[in-house]
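Below is one structure; the comments refer to it alone.
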Ligand SMILES: [Zn+2]
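Rendered as structure tokens:
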């Protein structure tokens with residue numbers, strides 16, 4: 012295989028081609044029909060109910076949707092198929108990043124602060140620039156192309172408080188045909204004046220955005236509360252009312268990320284039993300609620316998540332980078348709550364879901380839990396789709412879902428190739444891939460059956 016570094020300074024641009032009617036994509040197909048849980052890798056059957064492994068198969072795509080798959084030694088696509096061959100490469104469902112901030116590519120990898128100082132020092136100054144609609148359009152395109160080049164095809168995204176930032180993000184996602192959940196950030200206190208809205212204006216902006224974008228193509232609106240400290244009780248009540256007024260809205264926010272933050276919320280909302288209870292009292296917890304972090308919760312909180320159907324987006328890279336703490340994934344699941352995995356860039360340090368999951372492994376290992384590659388990849392694909400109520404559309408290679416799929420190299424570089432060559436079984440190979448790979452292993456990203464992004468680091472064979 013010939014490889015050369017071409018232009019490491021430019022992000023790949025989407026290929027502006029119409030969706031081909033019939034595509035046959037050849038490679039090693041892997042997806043996760045069920046949650047493998049915390050079982051030892053060897054106790055999870057390959058081709059059992061949780062892991063589906065179809066090496067050297069053709070993935071058949073028709074009009075953007077997956078039609079099925081056939082083994083390459085038993086079926087040959089006819090002339091009415093566009094053949095795209097990646098023999099020996101891994102093909103996974105596109106990753107789903109359930110918590111990431113579009114404007115924070117501007118502050119990723121900023122030194123030296125914990126959450127509240129980090130917001131004040133880096134994030135809030137950067138987000139104030141997003142009052143400019145032209146900047147929002149430029150950065151939304153950069154951000155979504157970066158997601159695609161990292162193998163992430165669906166995301167739950169924070170823009171900024173500015174209506175223009177949400178408009179730009181929805182517009183850019185629609186142009187790319189992506190599944191995106193987002194909404195204008197609500198914050199009316201404890202932030203610089205340039206980042207504060209007010210209840211009446213914010214409600215009007217939200218309603219206009221919902222009417223323009225919610226349910227259009229693959230877009231959905233999320234009532235987006237930055238976090239409890241930056242919304243007044245009146246604004247939280249308005250957010251809860253919005254969620255009840257329009258069917259199918261999502262809700263996204265942060266909860267219990269950092270101990271100082273938890274103490275601050277306790278002082279601001281003395282009537283609430285806990286940080287999570289602030290959102291519950293405002294009617295913001297339901298089955299389409301995505302709450303990032305959830306580190307400093309107790310058993311009552313965990314049961315409340317389970318009872319309401321709200322789920323936690325585990326952000327291990329961010330939690331390590333900002334020194335926030337360790338999220339106990341099995342404890343949440345034991346209470347019946349769901350967990351997905353998210354980069355939380357720019358608190359997180361990479362849009363790569365492999366890097367995020369590899370950090371997730373380490374965070375769980377520090378608490379005595381061993382995350383398998385099966386469970387990690389399930390959580391970032393099918394598990395996230397189920398948590399978002401979107402398993403009929405994304406997260407698997409199931410017939411009938413939209414063909415959001417990513418072709419990956421199994422290994423690159425001397426160390427990766429050496430390690431890959433020594434793997435004795437599929438889990439060992441997959442875990443080494445998960446631990447050693449990143450966006451440089453991405454070969455091609457497809458969105459609804461359309462090739463969107465190829466790796467600029469690789470020289471493509473014709
Ligand atoms: Zn965040």
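Numbering (this note's numbering), first residue to last: 12 to 473. Cβ coordinates follow ideal geometry from the N, Cα and C atoms, glycine included. In this text the structure is predicted, and so the values were computed from the model without any measurement.
A Cβ-Cβ distance of about 6 Å is found for the pair residue 220 and residue 232, placing them in contact under the 8 Å criterion. Distances between the C-beta of residue 329 and the heavy atoms of ligand 1 include at least one below 8 Å. Residue selection by CB proximity (closer than 6 Å to any heavy atom of ligand 1) returns 110, 112, 265, 303, 355, 358 in chain order.
Excluding sequence positions up to five before and after residue 181, its CB lies within less than 6 Å of the CB of 224, 230, all in the same chain and listed in chain order. Non-local C-beta neighbours of residue 382 in its own chain, meaning closer than 7 Å and more than five positions away in sequence, comprise 371, 372, 375, ordered along the chain. Judged by DSSP in its simplified three-state form, residue 405 adopts coil rather than helix or strand. Closest in C-alpha terms to residue 422, from the list 35, 447, 228, comes 447.
Distance from residue 69 to residue 37 at the Cβ level is roughly 5 Å; contact confirmed, criterion being Cβ atoms closer than 8 Å.
If one requires a minimum length of 4 residues, the alpha helix (DSSP H) runs lying completely within the stretch 263-301 are 270-279, 286-292, in chain order. Within the same chain, Cβ atoms closer than 8 Å to the Cβ of residue 407 are found at 42, 43, 44, 104, 392, 393, 396, the five residues on either side in sequence being excluded. A contact is defined here as three or more CB-CB pairs under 8 Å, and the stretch 286-301 fails this definition with respect to the stretch 331-341. Annotation for residue 342: 313 place their beta carbon closer than 7 Å to its own, counting only its chain and skipping 5 residues before and after. Judged by beta-carbon spacing, residue 416 lies within the 9 Å limit of residue 102, meaning their Cβ atoms are closer than that value.
Linking residue 350 to residue 89 through their CA atoms gives a straight-line distance of about 42 Å. Counting along the chain, the unbroken beta strand (DSSP E) around residue 417 starts and ends at 416-419. Apart from sequence neighbours up to five positions away, the residues of its chain that approach residue 292 with a beta-carbon distance below 7 Å are 283, ordered along the chain. A straight line joining the alpha-carbon of residue 384 with that of residue 216 spans about 42 Å. Between residue 150 and residue 117, the C-beta spacing is below 9 Å. Taken in chain order, the complete alpha helix (DSSP H) segments of 4 residues or longer contained in the stretch 371-401 are 384-389, 395-398. A check of alpha carbon separations from residue 346 across 331, 320, 361, 369 identifies 320 as the nearest. Your pair residue 302 and residue 266 checks out as a contact, with CB atoms roughly 4 Å apart and the cut at 8 Å.
Proximity of the stretch 161-175 to the stretch 194-202 meets the contact definition, three or more beta-carbon pairs being nearer than 8 Å. Excluding five sequence positions before and after residue 148, the CB atoms of its chain that fall closer than 6 Å to its own CB belong to 179, given in chain order. Residue range 76-82 is occupied by the beta strand (DSSP E) that includes residue 80, with no alpha helix (DSSP H) assigned at that position. The DSSP-derived three-state label of residue 360 is coil. About 7 Å separates the Cβ atoms of residue 460 and residue 76, confirming a contact at the 8 Å cut-off.
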